[in-house]
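Report on the following structure.
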Ligand code: NAI
Ligand code: MG
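Numbering (the working numbering), first residue to last: 108 to 472.
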């Protein structure tokens, strides 16, 4: 029997409640496909700070690196909010583990479940059939470039200004563009075979390099995938104008940060969005939402984003596409039958169709 080792990082808030439902679904998949999933739980975020004094203990990193995939719930909460730069913060655990695992690609799928279409602020005919995925570069660009803040003569004294100045630099290396482009083309082959590469090549030199490299890889190795270029400002418009036309959208770090949040709003339901962070080794899967401290411990959290991140794990880390499709169909069926957690219920949802975290997991299984 095939065996996979999974590192579980429940984290804080609703994390332990929703990850349990992800595990339940994995076990159901294991039974159906005769695969064994072994779990090792480790500490990350606020709970890790409480127990070890650091948000990312070395032991957690060791467990993650030795596993076949990492399933994370969410970290953070008011208990650990601090403005003291010398105090550890839960997000350091998240940023730290992404960095240590070399995760340079973030995949965020955005698909409409027809049963939930009314949660979107967009018109039904616009969102009909939306099924796209943002592929965001995670380790380069403006967020990691050289930056500085200083004073200079120029501008000092103008309108009373005292000459402060700051810059950030947007830099990309060929190999960074190369590897993210490959992830996008590979993802497109597992989907509808189309890639939209988003840049600002009319202005930025990094974008011109981006475009050249994406096309070179496409022509040499992925001619079967349809490739189009789109400027980022136009993409921002087209995402809400004709979102159903997109399949895979690949872009650099900051453009991807902004566009993935825009795309997330197409569906209107945060509790439904999963994400994957991939590198060349162990990948990490997590819901897009946070630890929802306001509802932690109440048993009402929506586990579906976590369950859909399990779907991604099966698809991208274990090449179990059929099992991944099973999960997607199961989630769709449960929603079509009218079952809802509190966050996705509508004004017309009957009270006996509103269920808690555990029941929702059971229904998907
Ligand atoms: P949040 O996503 O945790 O919550 C926003 C709102 O959505 C809340 O009303 C919450 O109850 C609701 N919500 C979120 N997920 C839900 C689910 N699965 N089921 C039902 N309702 C759900 O974002 P917020 O409130 O800004 O942050 C709370 C904490 O989470 C903070 O400490 C923040 O730093 C952390 N956070 C962690 C992330 C991560 O681990 N990747 C991402 C975003 C925030
Ligand atoms: Mg963002």
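We put the CB at the ideal spot given by N, CA and C, even for glycine.
Residue i (DSSP reduced to helix, strand or coil)
i	result
residue 422	helix
residue 213	strand
residue 378	helix
residue 297	coil
residue 195	coil
residue 161	coil
residue 416	helix
residue 265	helix
residue 384	strand
residue 309	coil
residue 358	strand
residue 219	coil
residue 201	helix
residue 350	helix
residue 145	strand
residue 121	coil
residue 172	helix
residue 92	Lying before the first or after the last residue shown, residue 92 is absent from the chain, which here runs from 108 to 472.
residue 478	Because the chain spans 108 through 472 in this model, residue 478 falls outside it and cannot be assessed.
residue 328	helix
residue 278	coil
residue 178	strand
residue 369	helix
residue 395	coil
residue 477	The question about residue 477 has no answer here: the residues shown for the chain are numbered 108 through 472.
residue 255	strand
residue 240	strand
residue 452	coil
residue 342	helix
Supposed close pair residue i, residue j - CB separation, criterion 8 Å
i	j	result
residue 126	residue 163	Actually they do not touch by this definition, with Cβ atoms about 18 Å apart.
residue 395	residue 384	Between residue 384 and residue 395 the Cβ distance is about 11 Å, and since that is not below 8 Å, they are no contact.
residue 347	residue 373	7 Å
residue 294	residue 214	7 Å
residue 332	residue 301	7 Å
residue 140	residue 427	7 Å
residue 219	residue 234	5 Å
residue 412	residue 380	5 Å
residue 178	residue 417	7 Å
residue 121	residue 174	About 23 Å separates the two Cβ atoms, so there is no contact after all.
residue 155	residue 108	Contact doesn't hold; Cβ gap of about 33 Å is too wide.
residue 316	residue 284	7 Å
residue 336	residue 318	6 Å
residue 55	residue 258	A question about residue 55 goes unanswered here, because the residues of the chain that appear run from 108 up to 472.
Within 8 Å, strictly: CB atoms of residue i and residue j
i	j	result
residue 117	residue 166	no
residue 217	residue 414	no
residue 357	residue 242	yes
residue 441	residue 351	no
residue 160	residue 195	yes
residue 365	residue 226	no
residue 342	residue 310	no
residue 404	residue 181	no
residue 289	residue 271	no
residue 389	residue 208	yes
residue 445	residue 460	yes
residue 158	residue 464	no
residue 353	residue 303	yes
residue 240	residue 298	yes
residue 136	residue 433	yes
Reference residue i; option with closest CA among the options
i	options	result
residue 474	262, 249, 401 and 295	With the chain covering only 108 through 472, there is no way to say anything about residue 474.
residue 355	436, 467 and 212	212
residue 186	110, 208 and 152	152
residue 494	435, 337 and 393	A question about residue 494 goes unanswered here, because the residues of the chain that appear run from 108 up to 472.
residue 291	328, 256, 436 and 269	328
residue 431	129, 121 and 288	129
residue 314	191, 296 and 361	361
residue 111	459, 433 and 425	425
residue 119	279, 201 and 137	201
residue 254	435, 266, 422 and 278	278
residue 229	370, 378 and 434	370
residue 282	387, 184 and 198	387
residue 410	326, 447 and 146	447
Test: residue i CB closer than 8 Å to a CB of chain C
i	result
residue 468	In summary, chain C is missing from the structure at hand, where a single protein chain is found.
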